[in-house]
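All remarks here apply to the structure that follows.
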Amino acid sequence: MASATMNRLYLDISKGISGDMLISCLSDLGVDFTRLKNVFINSGVNLELHIDTVQRNAVTGRQTLVKESEVYAPPPLRTLNQILPLINSMDLSPPVREKSVLAFKKLALVEGKVHDIPMEKVHFHEVGAVDTLFDIIGAFWGLERLNIEEVTSCPVPWFRGEVEICHGKTPLPAPATLELMKGKPVRATEFDWEIITPTGALLVDQLVNEFKDGFTGILQDTGLGFGSCCKGFNGLRGFLWHKADQWQNKESGRDEVYALTSNIDHMTGEELGDFFDKIMQSGALDVIYLPGIMKKGRAGGQIQVLCRIEDLSRVRDVFFKYTLTLGIREAKVSRTLLPRKVLSKDIDGSDIKVKKISLNQKEYFRWEMETLKDMADKEDDSTIGLRLKSTPWQD
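Letter 235 of the sequence shown, counting from 1, is numbered 263 in this note's numbering, and no numbers are missing.
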């Protein structure tokens, strides 16, 4: 399954997360992992994939089992030097391949720190098994199938107890899991068994853009993935959602947004163009560039970005990343909004959209630019020519 809409995914990891739980959750959201199984097989890794519908506590979800084929079981993959060439040889999109490689490098770095050895000498033990390879690669692959542009999650649940690993018994959270939890918001629970595996912690570290309680938007679908542990509910819930799109009708009133501002005198025109694209993709409401003369007589300008309060952290990160500015001024500002409503009508096979604006008991109509572009292409005209000679709305 591949979605044409850019979506967001909220993960409820309050009951835990592991690699197979995430694969199961994505499967319940509609991802068909059969093709990825064939990618593994074509790369010389024979495996069996079973994703079944199961019930826990009278609730239906999916459960995944990945194991090496009994017909042919390749030697276990234990080191980066074995795992990375395999990933690079697979028929994966460049983003999925790159993210998978980075994830395993991060895991090697963490394991090396825990055991005080260089990451190149890390022996992965359980993590080198085929099921973990499938879980990590499958997570990125599945998110790509769903066109997920952002993953958010509730805070990480704390748990305690002991677990048996190849080195013997170790307290929970396991050392690698604990290292991967650093820097993330943690919430105390009463769980006394392993609800987050090292693979699950790695995926949280690599996938989650922000931790928060819930989301604000339009819920599209839900998925539920169960793990192999039968203690408690042991389910990972995923919520596919998107923000109210640009055609949403809005009432008049006031709202608050953030204005981010920085003076720039070190970027080329090409770099600025790339920044404008990236900042809008990150969720910014608007961006403008005001040219001027900066200190020491340098040609430069001021970048101003507007964003919703809930998008501030992500937009700020993109602002810094693609400008390398040394500082950003931030201010919460109020906006006054006119009532507007988007009208849609089919005319000669074209979906015509105009925005109706109300002001002082009068109505005004404004073309939506994408509508003008479509009509101009069909009529071999320009958007400005079409706008000047056409009435945007007629009943």
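Even for Gly, the Cβ is constructed at its ideal location relative to N, Cα and C.
{"Item": "Endpoints, the beta strand (DSSP E) within which I111 is located", "Value": "Element bounds for I111: not the beta strand (DSSP E) but the alpha helix (DSSP H), L108 to S117."}
{"Item": "Contact under 8 Å by Cβ, H78 with T107", "Value": "no"}
{"Item": "I165 (DSSP reduced to helix, strand or coil)", "Value": "helix"}
{"Item": "Straight-line gap, K417 to L247 (C-alpha atoms, nearest Å)", "Value": "41 Å"}
{"Item": "At least three beta-carbon pairs within less than 8 Å, the region 326-335 to the region 247-265", "Value": "no"}
{"Item": "Close beta carbons around P319, own chain, < 7 Å, minus the five adjacent residues each side", "Value": "G329"}
{"Item": "Residue from L120, D80, S52 and P113 whose Cα sits closest to the Cα of R63", "Value": "L120"}
{"Item": "Alpha helix (DSSP H) runs contained entirely in the region 211-280, provided each spans 4 or more residues", "Value": "226-235"}
{"Item": "L39, enclosing beta strand (DSSP E) - first and last residue", "Value": "N35 to D40"}
{"Item": "Buried or exposed by the 16-neighbour rule on C-beta atoms within 10 Å, applied to P199", "Value": "exposed"}
{"Item": "Inter-stretch contact at 8 Å, needing at least 3 Cβ pairs: the region 40-51 / the region 161-168", "Value": "yes"}
{"Item": "Distance, S290 Cα to G355 Cα", "Value": "7 Å"}
{"Item": "The region 86-99 touching the region 133-142, judged by at least three CB pairs closer than 8 Å", "Value": "no"}
{"Item": "Per-residue burial, I337 [other beta carbons within 10 Å of its own, 16 or more giving buried]", "Value": "exposed"}
{"Item": "Pick from L313, Q110 and H294 that is closest to K324, judged by C-alpha positions", "Value": "H294"}
{"Item": "Proximity winner among V361, E396, R344 and L206, relative to K381 (alpha-carbon distances)", "Value": "E396"}
{"Item": "Residues near V346 by beta carbon distance below 7 Å, same chain, minus five either side", "Value": "K306, I307 and S310"}
{"Item": "Residue from A167, Y392, K240 and V214 whose Cα sits closest to the Cα of P367", "Value": "Y392"}
{"Item": "N440 - DSSP class collapsed to helix/strand/coil", "Value": "With the chain represented from 29 up to 423, any question about residue 440 goes unanswered, as that position is not in the structure."}
{"Item": "Pairwise C-alpha distance: E178 and N388", "Value": "40 Å"}
{"Item": "Buried/exposed call for L208, threshold 16 Cβ in 10 Å", "Value": "buried"}
{"Item": "Supposed contact pair C182 and I60 - C-beta distance, whole angstroms, cut 8 Å", "Value": "In the sequence as displayed, the identity of residue 60 is Asp instead of Ile. Incorrect: roughly 27 Å between the Cβ atoms, too far for contact."}
{"Item": "Boundaries of the alpha helix (DSSP H) in which P440 is found, first to last residue", "Value": "Residue 440 is absent from the model: the chain starts at 29 and stops at 423."}
{"Item": "Candidates T205, E284 and N175: closest to K134 by CA position", "Value": "T205"}
{"Item": "Within 8 Å, strictly: CB atoms of S46 and T227", "Value": "yes"}
{"Item": "Span of the beta strand (DSSP E) around T200", "Value": "Note that residue 200 corresponds to Leu in the displayed sequence, not to Thr. Careful: L200 lies outside any beta strand (DSSP E) and carries neither H nor E."}
{"Item": "Nonlocal neighbours in the same chain, by C-beta distance under 8 Å from G245, ignoring five residues either side", "Value": "R36, W269, H270, K271 and A272"}
{"Item": "Sub-8 Å separation of S117 and F168 beta-carbons", "Value": "no"}
{"Item": "F261 and R84 closer than 8 Å at C-beta", "Value": "yes"}
{"Item": "Extent of the continuous beta strand (DSSP E) to which G334 belongs", "Value": "In the sequence on display, residue 334 carries Leu and not Gly. L334 -> beta strand (DSSP E) spans A327 to R336."}
{"Item": "Contact under 8 Å by Cβ, F132 with I111", "Value": "yes"}
{"Item": "Rounded separation between E299 and G196 - CA only", "Value": "53 Å"}
{"Item": "Sequence-distant residues of its chain with Cβ nearer than 6 Å to A312 (five each side left out)", "Value": "V333, C335 and V343"}
{"Item": "Whole-number beta carbon distance between G263 and K65, since they are thought to touch under 8 Å", "Value": "About 23 Å separates the two Cβ atoms, so there is no contact after all."}
{"Item": "T243 to N175 span [Cα, whole Å]", "Value": "The sequence shown places Phe at residue 243, not Thr. Straight-line Cα distance between these residues: approximately 18 Å."}
{"Item": "D283 vs L340 beta-carbon contact at 8 Å", "Value": "no"}
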